[in-house]
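Residue numbers for the sequence shown follow our numbering, so the first one is 6 and each next one is one higher.
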Amino acid sequence: MRHDELMSTVAEFTIEPFVEGDPGPHVSAAVAVAEAAGLAVDVGPFGTSVEGGTADVLDAVDAVVRAAVANGATRVSLQLTVGR
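What follows is the structure in structure tokens.
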């Protein structure tokens, strides 16, 4: 097993524009990409978090951001937390 497979990573996204109660296609597309990558997804009231192995999360981040922007996102803020 590679070292990065032993690490867990959480990526937290805030995808704008933000509309309370209606995530919109820019959020739905990003969530669908993360789910298709096999990541654990949690959609909260102020953002979305995904969790998985470090390599899996880092590989998915590009596709998640691209999906959000392609579907109308005007800004994507991202925070990564890497740890055991």
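We treat Cβ as the ideally placed atom computed from N, Cα and C, and that holds for glycine.
Computed from a predicted model, the values in this text were never measured in an experiment.
- Counting every other CB atom within 10 Å of its CB across the protein chains shown gives phenylalanine 18 a total of 16 or more, marking it as buried.
- Judged by DSSP secondary structure, valine 66 falls within the alpha helix (DSSP H) whose first and last residues are 59–75.
- A residue is called buried when at least 16 other Cβ atoms come within 10 angstroms of its Cβ; threonine 14 meets this threshold and is buried.
- Collapsing the DSSP output to three states places glycine 52 in coil.
- Counting every other CB atom within 10 Å of its CB across the protein chains shown gives threonine 86 a total below 16, marking it as exposed.
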